[in-house]
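**Q** I have a structure here, written as C-alpha cells, and I will follow up with some questions on it.
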Amino acid sequence: MGSEFERIAAEKYVVLTTFRKSGAPVPTPVWAAGDGGELVLWSERKAGKVKRIRNSGRVEVQACDFRGNNTHGDVVAGEARLLDLEATERVRKAIARKYGITGRVTMFFSKLRGPKDRTVGIAIKLAE
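For the sequence shown, the positions run 168 to 295 when our numbering is used.
Structure follows, in C-alpha cells:
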C-alpha cells in the first residue's frame, strides 16, 4: 500500500481546506499533482486561498469529485507555502503532465489571460 502522499497525488481532484484567521475552514476543490514529495497546485494570486495560506500555511486535503463533494479517503493535514515564479512554472508543467490535453489547454489559456505573476504555485508538505 502506498503512502498518503501517493494516494492523494494520484487523485484527479482534491478538496484543499484553508483556514481563516478565526479558524473557520474554507474548502476549495482543486487540481493537484505530486512533485518532489510535495503536493503542488496553482491559483490566481488574488484568490482567497492564497491570502489564507500567506496568513497561515495550515491546510488539509482530501480526495473529492469535480465540485468538491463526495469526499473519500482520509483527511490529511499539511503545511502549504507559496512559490516563486520559477517554481510556479514547474507546477504548471506538473499539472499539464498529470492532466494531459485538458491540463495543457488550461495552462495555455491561463498564460493568455495575463502576466505570469498573475498566478502562483502552492506546495504542500503532507503530514505522514
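Even glycine gets a Cβ: it sits at the ideal position worked out from N, Cα and C. For clarity, every value in this text was computed on a predicted model and none was experimentally measured.
1) For K225, report the span of its beta strand (DSSP E) as first-last.
2) Can you tell which of A261, K218 and G288 has the C-alpha that lies nearest to the C-alpha of P251?
3) Might you give, ordered along the chain, the residues of its own chain that have their beta carbon closer than 7 Å to the beta carbon of T238, omitting 5 neighbours on each side?
4) Going by C-alpha to C-alpha distance, which of D202, P196 and S223 sits closest to R264?
5) With distances taken from CA atoms, which of R257, K292, E295 and V197 is nearest F233?
6) Within 10 angstroms of the Cβ of E205, are there 16 or more other Cβ atoms? Answer buried if so, exposed if not.
**A** Let's see:
1) Here residue 225 is taken as the residue at index 58 of the sequence shown, counted from 1. It is worth fixing the name first, because residue 225 is Arg in this sequence and not Lys. Where R225 is concerned, the enclosing beta strand (DSSP E) stretches over R225 to A230.
2) Within the sequence shown, numbered from 1, the residue matching residue 251 stands at position 84. In the sequence as displayed, the identity of residue 251 is Asp instead of Pro. Of the candidates A261, K218 and G288, the one whose C-alpha sits nearest the C-alpha of D251 is G288.
3) Taking the sequence shown and counting its residues from 1, one reaches residue 238 at position 71. The residues V182, Q229, A230 and C231, in chain order, have a CB closer than 7 Å to that of T238 in the same chain once the five nearest residues on each side in sequence are set aside.
4) To locate residue 264, count along the sequence shown from 1; it is residue 97. Minimum Cα distance to R264 is reached at D202.
5) As a working note, residue 233 is residue 66 in the sequence shown. With distances taken between Cα atoms, F233 lies closest to V197.
6) As a first step, residue 205 is located in the sequence shown; it is residue number 38 there, counting from the start. E205 sits buried, since 16 or more C-beta atoms from the chains shown fall within 10 Å of its C-beta.
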